[in-house]
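Note that full-length UniProt numbering numbers the sequence shown so that position 72 is 72, with each residue one more than the last. Glycine included, C-beta positions come from ideal geometry on N, C-alpha and C.
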Amino acid sequence: MIELWHCPDARSFRPLWALEELGLEYRLHLLPFPPRVREPAYLEVNPLGTIPAMRDGETFMTESAAIVQYLATRYGPSDLAVAVDEADYGAWLNWLHFGEATLTFPQTLVLRYRRFEPGKAEVVADDYAKWFLSRLRQVDRALADGREWLCAGRFTGADISVGYALLLARTLKLDADFSPAIAAYWERLRERPGFKAAKKAQKIELDEALSS
């Protein structure tokens with residue numbers, strides 16, 4: 001069975017969401033954030049101490065967007081993946097990794113200096129918040145023609161990757177600066193059955209952990 005190590009609403013939400021969209025069975029290990037500090041035993045699973053970690057048989061992975069790509073293709077055919085012979089294959093790959101490399105990275109510095117180390121580098125946090133919002137305009141441009149999803153005319157793993165970046169932005173209260181198109185896109189994403197199921201799964205696991 002697939003195993004996923006996860007912190008609520010962390011990057012590991014991407015593969016959790018993908019697992020729910022694909023209807024796959026999995027075992028969820030919920031950890032406190034940051035796990036390398038608050039759950040030292042986790043280093044035996046993932047020496048990097050980062051989230052996510054996923055094990056599927058002999059396969060072990062730690063990159064959230066790559067795990068989404070793996071699940072969508074390994075357990076396909078699935079609408080979450082875009083095939084190499086589809087016109088939007090390149091766009092799918094680009095958006096899939098844009099969500100992490102371009103949109104999530106600057107937010108991690110906002111998270112660090114506004115939530116975990118407030119007062120230490122407020123200018124850095126403000127600058128990277130602006131950086132994130134400037135990069136988000138690329139998503140706005142893609143949605144400007146009225147499309148519902150980023151590529152291939154359907155919901156794909158690319159939307160999961162970018163969608164998590166929007167979830168993090170909401171956590172950091174950056175969503176007040178969403179354009180109307182991105183705000184509407186976010187509402188479509190959060191209404192996905194897979195998104196709701198992933199939220200429910202992490203809540204159930206958290207409730208059980210707190211009651212034990």
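{"query": "Start and end residues, alpha helix (DSSP H) containing Tyr128", "result": "Glu122 to Leu143"}
{"query": "Enclosing beta strand (DSSP E) for Tyr26 [first to last residue]", "result": "Tyr26 to Leu30"}
{"query": "Residues near Phe33 by beta carbon distance below 7 Å, same chain, minus five either side", "result": "Cys7 and Ala10"}
{"query": "Where the beta strand (DSSP E) through Ala53 begins and ends", "result": "Ala53 to Asp56"}
{"query": "Residue span of the alpha helix (DSSP H) that contains Phe60, given as start and end", "result": "Where Phe60 is concerned, there is no enclosing alpha helix (DSSP H), although the beta strand (DSSP E) it sits in stretches over Thr59 to Met61."}
{"query": "Contact between the segment 147 to 164 and the segment 106 to 119 (3+ Cβ pairs under 8 Å)", "result": "no"}
{"query": "Spatial distance of Gly76 from Ile67 (CA atoms)", "result": "14 Å"}
{"query": "Beta-ladder partner(s) of His6, from DSSP", "result": "Leu30"}
{"query": "Closest residue to Gly23 among Pro193, Lys203, Ile204 and Gln202 (Cα-Cα distance)", "result": "Pro193"}
{"query": "Between the CA atoms of Leu30 and Phe155 - distance to the nearest angstrom", "result": "27 Å"}
{"query": "Inter-residue Cα distance where the pair is Ala91 and Glu25", "result": "29 Å"}
{"query": "Alpha-carbon spacing of Arg74 relative to Gly119, whole angstroms", "result": "45 Å"}
{"query": "Residue of Ala87, Leu71 and Trp186 minimising C-alpha distance to Met1", "result": "Leu71"}
{"query": "Gly153 classed as buried or exposed, judged by whether at least 16 other C-beta atoms fall within 10 angstroms", "result": "exposed"}
{"query": "Residues that DSSP places opposite Arg154 in a beta bridge", "result": "Cys151"}
{"query": "Any 3 or more C-beta pairs closer than 8 Å across the segment 39 to 50 and the segment 123 to 143", "result": "no"}
{"query": "Contact the segment 36 to 44 vs the segment 197 to 204: 3+ CB pairs below 8 Å", "result": "no"}
{"query": "Secondary structure of Ser211, DSSP reduced to three states", "result": "Because Ser211 carries a pLDDT of 49, less than 50, the predicted location of this residue cannot be relied on, and the following value inherits that uncertainty. Residue state, collapsed to three classes: helix."}
{"query": "Residue span of the alpha helix (DSSP H) that contains Pro180, given as start and end", "result": "Pro180 to Arg190"}
{"query": "Nonlocal neighbours in the same chain, by C-beta distance under 7 Å from Pro15, ignoring five residues either side", "result": "Leu4, Pro52, Met54, Ser64, Ile67, Val68 and Leu71"}
{"query": "8 Å contact criterion, which Phe132 and Leu103 should meet: CB distance rounded", "result": "6 Å"}
{"query": "CA-to-CA distance, Trp17 to Leu136, given in whole angstroms", "result": "21 Å"}
{"query": "Option in Phe60, Pro180, Leu96 and Pro35 with minimal Cα separation from Arg160", "result": "Looking at the sequence itself, residue 160 is Ile, so the reference to Arg does not match. Nearest option by C-alpha distance: Leu96."}
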